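Data block below; observations after.
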Amino acid sequence: MQKSLPLAQAYEKLFAQFGPQQWWPGYSRIETIVGAILTQNTSWKNVEKALANLKEHEALNLQRLYDAPEATLAKWIRPAGYFNVKAKRLKAFMALVVEHYRGDLDVLFQLETSELREVLLAVNGIGPETADCILLYAAERPVFVVDAYTLRFMSRHGWLGEAATYDEVALLFQEQLPSDTALFNEYHALIVNLGKDLCRKQPQCDPCPLRDMLPRNGPYAP
DNA sequence: GACCAGGCACATC
DNA sequence: GATGTGCATGGT
Numbered sequence: 001m002q003k004s005l006p007l008a009q010a011y012e013k014l015f016a017q018f019g020p021q022q023w024w025p026g027y028s029r030i031e032t033i034v035g036a037i038l039t040q041n042t043s044w045k046n047v048e049k050a051l052a053n054l055k056e057h058e059a060l061n062l063q064r065l066y067d068a069p070e071a072t073l074a075k076w077i078r079p080a081g082y083f084n085v086k087a088k089r090l091k092a093f094m095a096l097v098v099e100h101y102r103g104d105l106d107v108l109f110q111l112e113t114s115e116l117r118e119v120l121l122a123v124n125g126i127g128p129e130t131a132d133c134i135l136l137y138a139a140e141r142p143v144f145v146v147d148a149y150t151l152r153f154m155s156r157h158g159w160l161g162e163a164a165t166y167d168e169v170a171l172l173f174q175e176q177l178p179s180d181t182a183l184f185n186e187y188h189a190l191i192v193n194l195g196k197d198l199c200r201k202q203p204q205c206d207p208c209p210l211r212d213m214l215p216r217n218g219p220y221a222p
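Heads up, the first sequence is in the numbering used here, so the first residue is 1 and it goes up one at a time.
Next up, the structure:
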């Protein structure tokens, strides 16, 4: 068990500054899953264009995505980049559900969280972050999504050991915060927003609501 | 014209 | 186990 970190206080400050982020508001589960795969190393704006194309072709459902030829799918998702690999990845996920879970997300999502995570990770093209995005945003499990922003956020505040792994960081959040899907949803989005909005544009941390939480002698100390 | 974006698989050492 | 590389579009 790690020492206690001010993660709850940081959340309060971020929420007070930025307000609710509402990631994937009112998106269907399949739309959320497709988005999670398409957004791999890709800006969300480009993903939205690809999702719009899929909608336009009425392809944003499990069976249509399963049935569509890979080349056609690649053409539809072109704006999201890496379209050939992502078309394969989408089809791999749809094949999992159609061929092993009766084509029904409800059946897949009956699995207990850690087992569901293992099943997702076994799909080619679904790694830890994508699996956790699906768990949190589509299956609504209290799982913390770790990404590049989260790692930056944690090490910037001196809250990470030398060689923290993905799973260790996720566990930090899950151990030190109440197990609350809505909280983890907002928190992850707030960290991403902080990284984009302030850390990038104002690297000196001036208007950052967390600037008084930076380590005094750290590399980012004022 | 670089550099980055809500990663992952695979090859190689 | 760690490190490097391919995958590709669109915005800044």
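Backbone N, C-alpha and C fix where the C-beta goes; we use that ideal spot for every residue, glycine too.
In this text, all values refer to a predicted model and were calculated from it rather than measured experimentally.
- Per DSSP, reduced to three states, the secondary structure at Gln22 is coil, with no helix or strand assignment.
- Following the DSSP letters along the chain, one finds Thr150 inside the alpha helix (DSSP H) bounded by residues 148 to 156.
- The beta carbons of Lys88 and Ala80 sit about 13 Å from each other, so the pair does not count as a contact at 8 Å.
- For Gly195 against Phe153, the beta-carbon gap comes to about 7 Å, under 8 Å, which counts as contact.
- Contact check for Asn193 against Phe18 passes: the beta carbons are separated by less than 9 Å.
- With a contact defined as Cβ atoms closer than 8 Å, Glu129 and Val145 qualify at about 6 Å.
- The C-alpha of Ala148 lies about 13 Å from the C-alpha of Arg200.
- By the neighbour-count criterion, in which 16 or more other beta carbons inside 10 Å mark a residue as buried, Val34 falls on the buried side.
- Residue burial annotation: Leu14 is buried, with at least 16 other C-beta atoms found within 10 angstroms of its C-beta.
- The C-alpha of Glu112 is placed about 34 Å away from the C-alpha of Arg78.
- The closest CA to that of Ala8, considering only Gln202, Pro215, Trp24, Leu172, is found on Leu172.
- Cβ-Cβ separation between Ala189 and Gln40: approximately 17 Å, too far for a contact (criterion under 8 Å).
- From the listed residues Asp104, Arg102, Leu96, Pro203, the smallest Cα separation to Glu118 is found for Leu96.
- Inside the segment 53 to 110, DSSP marks whole alpha helix (DSSP H) runs of 4 or more residues at positions 62 to 67, 70 to 76, 83 to 100, 105 to 108, from first to last along the chain.
- DSSP places Val169 inside the alpha helix (DSSP H), whose first and last residues are 166 to 176.
- The criterion of a C-beta distance shorter than 9 Å is satisfied by Arg141 and Leu116.
- Trp44 is classed as exposed because its beta carbon has fewer than 16 other beta carbons within 10 Å across all chains shown.
- In this structure Leu121 is exposed. Its beta-carbon is surrounded by fewer than 16 other beta-carbon atoms within 10 angstroms.
- In the displayed model, Val145 falls within coil according to three-state DSSP, outside both helix and strand.
- DSSP places Arg200 outside both helix and strand once states are collapsed to three, so it counts as coil.
- A distance below 8 Å between beta-carbons, with the five flanking residues on each side excluded, links Asp180 to the following residues of its chain, in chain order: Pro142.
- Annotation: the continuous alpha helix (DSSP H) that includes Tyr187 extends over 181 to 194.
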